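Asker:
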Amino acid sequence: MDEEGAPLSESVQVVDPDVRAHVYSLVTALGGFNGENADRYVLGDDALACLRDIKRWLKLYDEKNNRMDVARCLGEANLVNGDLLPILTLWSTSGQKSKHMSRIALACLELLVPLTWPLEVHSEMTVNHHRHTPYLQQAQVLYKRGILSHGSDSILRTIIRIGLPSMAVPRSERTTRDEGILKLMLYFLRNIAMISPNTRLAAEGDEEETSRSATINAFQNQDAFALLLTMCSNVGDDFSLQDVVLLEILFHIVKGVNVEKLFMNDAERKAKRTDELGELLQKESSLRREYAKNAPTRHGRFGTMIWVKRDDAKVSTVSGQDVLKDSQATLHKMDQSKKWNKPQIRRRQTEVTANNDFNTPVNLNSTATKNLRMFVEEFLDSGFNPLFTHVRKAIEREADRVMDINTRQFFYTVAWFLEAERVRRAHQREKRHLVDKSLKEMEPDSYALVASVLNQETFVFLNRSMQYSYDNKDVEDLTAEMRCFTQILLTVQEMAQSPLEEDQEIADNIQNRIFYEEITHDRIIAIIRGYKDQGFGYLDACTELAHVFLKMLEHYSKENVDMQIRSRRRAKRKAKQAKQADIEGDDEEHASEDEDLMDAERISKERKFDFKRFAAKFCNQNCVDTFISFTKYYKELNVDQLKRAHRYFYRIAFKQEMSVLLFRLDIINLFYRMIKGPGALDSNKPIFKEWEELVRQIIRRMIKKIDQRPALITELLFSKINSTVFYLEFGHEKQTISASKRPPAELEVDPREAKTTDEKIKIVVHVMVKDEHTDLVKWVSDVLNSAADERESWESQEQQSEGQKAPNPMIRTSFDYLWLVLRD
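The sequence shown runs 9 to 832 under the numbering used here.
Written as C-alpha cells, this is what we have:
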C-alpha cells in the first residue's frame, strides 16, 4: 500500500517504523543525564560517531528522498533541547581545550543548522511535507526558545566560539574547512533570527520568549551583534564569501521595525504609545456608537418584513426591524442585499514567503529597542558602505551564493538603513536645539557614511531591477525597489539642504542624473497607472514614490529653469522603395541587405523639460483609481499617508484643473463618508481640516459644473475617458494644431550637366515626368502658352502700322521640348 496516498489516521504510520527505531537508537546512544548528578550531561562512548550517523541519515534519507521523516523523529526524540544544547554547554564549560570535545561541538553545530533551517509552504510540497511541516515548525520554535534561554549558559556565544579559530586565520590561509565552519556559524544565526511562531498553529508556551525582542536582546547579550559588526566592516578584505548571509541576518533582524519609534527616547515612546492607545479607544467607542444605532432591542426577536414599492410599480421585500427607521435606512438595506458576481480574473500563482514578508509591523520592548538602536548606529558608522557595496557587486555578477530572494532583501535593507540614517540626523538636530553645547561629535560631517548606495552604479542597478520586476510582475521585488528608490530620493533631498557645500553639490549632481532620463519618469507613471490588486504594501510604496518624485521634480525644475532631459524613441531604418533598372548584381545584393535592416533602433535626443506636461500625465482615471484605492484605507492611514493622498487630489482638482476626474459617485461617496460618516475621520487629527476643506471645494465645484453642463449627471456613473474629459471640464473641445509637414528639399541642377536654360528645363521636365507629375508639366505648358499668346496679341495691337510680327523667340524657344515629352 502506498503510504503517500493513504489518508492520515491513527492506523497510518506517518514515519517508517524501521527508520524511527534506528533514529531513536542513535539518539539514545548519544548520551544522557547521569543519575547521580542530574544536572550534568554524560556523553556516550561513541557520541561523535552517533552524531555523524544522525547527520548521514538527514542527508541520505531526508534530502535524497525529499522527505522529512528523520527530522520528525529527531523532533519527537527532543534531540536539540535534550542532547545537543547540553553537549554544547558541556564543551563551553570544561571541554574547549579537548580536541575530541571540539569535534563533538562542531558536529552538534552541523546538526543544528539543518534542524533549524526555516520551512516554507510552497507549491511543490508533497504529502509527506504537508504531514510533517506543521509539527516541525512548532518544533523549531521550541528549539529557538531553548537556544535563547538555555539555563545559565549562552548558546549563541558558544556557537561563536566554535567559529573564532577560523575567523582568526587570514583569508589567504583559510582552508575549505575554515570557510565551512564560518558558513555554519552564520547560517545558524540566520536561522535563529528567521524562525518565528506560525500564526496558523496554536502557540505552545510564552510567545515572548521567541519574539523579535528576545532575539535582539540575545544577540546583544551574547556578542552576536559584535560579530556581525566585525564581519560587515571587513567584508571586502577578510569575509568576501560571507556577504550574502550577513545581508540575510540583517534583513530578518530589522524587517518590519518602525524606524521612527526606534530612535525615540523613553518619554517620546511613552507619549507615542499613549496617543496610539487613545486612538484605539476612540475607534472602539465610535464602532460602539455605530453599532448602537442598529443594535437589537428587547423586542428584537420579533421578525419584521415589509414591502417597498419602487418607481417601476414593482415590489421588493426587505426584512429586519432596522428598516422601520426611515426610508433612507430601507433603501440602504436593499443596497446591502445586492450582490455582484464579479468575474474572477485568472492571475499567475505567486509563492507566498512568510519568512521574507517585510510589510508586517513588529513591536519591540524598551530593552530591545535600545539594543537595536545601538547596533544600527554602529553599523551605519562602520559597516554600511563595505557590506552593501560588496553585496551589490555579487548580485550584479550573479555569484553562485546569490539567490533570487537576496535582491529583494538587498533593496529593502538599504531602504531601511537610509531611513534610519535620516531619522538619526533629525533627532540629533533636535538635541542640538535643546542643548546649548555643540553636538558635532554625535553627527557625522557629511553623508559619506551612506555614499555606497548614492553612486551611479547603484542607480543603474536599481533602474534595471525595477524595470525587470515591472515587466515580470514580481510584486514583492518591485515593492522593495520602490521603497529603496523613495528613501534614496528623500536622502538626496536632505543632502541638498545640508550646510556643507560638498553635500549640496553632490545632491544637485545626483538629482540631475536621476531626473535626466525620461525613461525613469515614464516608469513611475506606468507603475502608478498599473495598480490592480497587488496588496496594500505595494499600494503604499507606489503612491509614496509618486508623491516624493513629483514633489522633488517640481522643486528641482523651478530651481533649474533650463533643465534638459533625454528622451528615447524608436526609429526604423527603411530600405529604398524603388530600384534602378540598370543596377549591377552587386548593387542589387547590397540593396536586399538594406531592406532586411528594418530592426528598431533607439535614438536619443535632449529636450527642455516641461513640468506641467509631466504632471498632466498623472491626470488620468487610472492614477486617480490608484489613489482612491489607497484612500479607502483612511481609517488605518497615518497623518503622512493621508497628507499624501490629499496633496494628489488637490493637485488634480486645482493645480491641473481636472476636477472632473473626481466627479464619480463612488469617489464622492468616499469623500463624504470621510468627513460626515458613518466611519468618518477623527476630527482631532490635524489633517482633518484640510480634508474637510478639500471635499467642500470639490463638491461645490461639482455642483457648479452640473449647472453649466447637465450632461455631467450621466457621467457621474462612469469613469472619464480622455476624449471627453476636456470637454466636461472646460465646456469646449480641445483645440489641436496640426503640425505642417516639412517642405521637400529644393531641386538644384548641377551646372556641369546643364549650362543653358533649355538644358536645365529639359532635366526638370524629365524628372517631373518620371515622378508621375505629367499633369503638372502639362499645366505649366498650357499656362506659358496662354501667356505667350496673350503677349503676342497686345504687341500686335501696339504695332498696327507694321505687319504681323513673328513670335518672340525668347518665349517660344523654351517650350518646344515640353510638347515632345507630352507626345511621348
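Heads up, the beta-carbon is just placed ideally off N, CA and C, and yes, glycines get one too. Computed from a predicted model, the values in this text were never measured in an experiment.
The beta strand (DSSP E) spanning V326 covers which residue range?
Answerer: 323 to 327
Asker: Spatial neighbours of Q228 within its chain, please: CB distance less than 6 Å, with the 5 preceding and 5 following residues excluded, ordered by chain position.
Answerer: N379
Asker: Any heavy atom of the ligand GTP closer than 6 Å to the Cβ of E181?
Answerer: The ligand GTP is not part of this structure, which contains no ligands at all.
Asker: Just how far apart, CA to CA, sit F259 and M503?
Answerer: Going by the C-alpha atoms only, they are around 26 Å apart.
Asker: W787 by DSSP, collapsed to three states: which one?
Answerer: helix
Asker: Check the DSSP bridge columns for V50 and list the partner residues they point to.
Answerer: G40
Asker: Determine the direct distance from the alpha carbon of R381 to that of D246, and round the result to whole angstroms.
Answerer: Taking the straight line from one Cα to the other gives about 26 Å.
Asker: Could you give the first and the last residue of the continuous alpha helix (DSSP H) run that contains W315?
Answerer: Per DSSP, W315 belongs to no alpha helix (DSSP H); it is in the beta strand (DSSP E), 313 to 317.
Asker: Measure the Cβ-Cβ separation of L724 and L678 and say whether it is below 7 Å.
Answerer: no
Asker: Quick one: is F383 buried, meaning 16 or more other Cβ sit within 10 Å of its Cβ, or exposed?
Answerer: buried
Asker: When the Cα of T101 is compared with those of W315, V252, A147, R48, which residue comes out closest?
Answerer: R48
Asker: Go through the stretch 53 to 134 residue by residue and report every complete run of the alpha helix (DSSP H) that reaches 4 residues or more, in order.
Answerer: 55 to 65, 77 to 84, 93 to 102, 107 to 123
Asker: Using the DSSP secondary-structure output, state which residues sit across from R491 in a beta bridge.
Answerer: Per the DSSP secondary-structure output, R491 pairs with nothing in a beta bridge.
Asker: Name the residue from C116, R185, L123, D485 whose alpha carbon lies nearest to the alpha carbon of L51.
Answerer: C116
Asker: Based on the DSSP secondary-structure assignment, which residues constitute the bridge partners of S575?
Answerer: K613
Asker: Judging by CA-CA distance, which residue of K742, E84, K107, L119 is the nearest neighbour of K67?
Answerer: L119
Asker: Rounded to whole angstroms, how far is the Cβ of Y564 from the Cβ of F523, which I believe are closer than 8 Å?
Answerer: 6 Å
Asker: Give the single residue among G83, M571, A653 whose Cα lies nearest to the Cα of K616.
Answerer: M571
Asker: Since S506 is in the alpha helix (DSSP H), which residue starts that stretch and which ends it?
Answerer: Looking at the DSSP string, S506 is not in any alpha helix (DSSP H), and its letter there is neither H nor E.
Asker: How long is the line joining the alpha carbons of Q649 and K697, rounded to whole angstroms?
Answerer: 15 Å
Asker: Residues in its own chain within less than 6 Å of W827 by CB, not counting five upstream and five downstream?
Answerer: Note that W827 scores a pLDDT of 49, beneath 50, so its modelled location is shaky; the value from the coordinates is reported in the next line. There are no such residues.
Asker: Pairing CB atoms from the stretch 179 to 189 with CB atoms from the stretch 154 to 166, are three or more of them under 8 Å?
Answerer: no
Asker: Where does Y680 land, buried or exposed, given buried means 16+ other C-beta within 10 angstroms?
Answerer: exposed
Asker: Which of the three DSSP states, helix, strand or coil, is assigned to D245?
Answerer: Note: D245 maps to coil in three-state DSSP.
Asker: Among residues of its own chain, excluding the 5 on either side of S506, which ones have a beta-carbon nearer than 8 Å to its beta-carbon?
Answerer: For S506, where only same-chain residues beyond five positions count, the Cβ hits under 8 Å are S454, Y455, Q512, A515.
Asker: Is DSSP giving E525 helix, strand or coil here?
Answerer: strand
Asker: From the DSSP output, in three-state form, read off V265 for me.
Answerer: strand
Asker: Output yes or no for whether 7 Å exceeds the beta carbon distance between T494 and L553.
Answerer: yes
Asker: To the nearest angstrom, report how far apart D479 and V422 are at their CA atoms.
Answerer: 23 Å
Asker: Per DSSP, what kind of secondary structure is V370 in: helix, strand or coil?
Answerer: strand
Asker: Between the alpha carbons of R669 and V773, how many angstroms are there, rounded?
Answerer: As written in the sequence, residue 669 is Leu, which differs from the Arg given in the question. So the alpha carbons of these two residues sit roughly 59 Å apart.
Asker: With a cut-off of 8 Å on the beta carbons, I'd call T166 and L96 a contact; round off their distance for me.
Answerer: 5 Å
Asker: Does the count of Cβ pairs from the stretch 459 to 476 and the stretch 432 to 442 closer than 8 Å reach three?
Answerer: no
Asker: Under a Cβ-count criterion, where at least 16 other Cβ atoms within 10 Å of its own Cβ denotes burial, should G83 be classed as buried or exposed?
Answerer: buried
Asker: Using a Cβ-Cβ cutoff of less than 7 Å, which residues in the same chain neighbour P25 once the five nearest sequence positions on both sides are dropped?
Answerer: Residues of the same chain with their beta carbon placed closer than 7 Å to that of P25 are lacking, with the five preceding and five following residues left out of the count.
Asker: Could you pull out every unbroken beta strand (DSSP E) segment of at least 3 residues lying fully inside the stretch 610 to 688, listed in chain order?
Answerer: none
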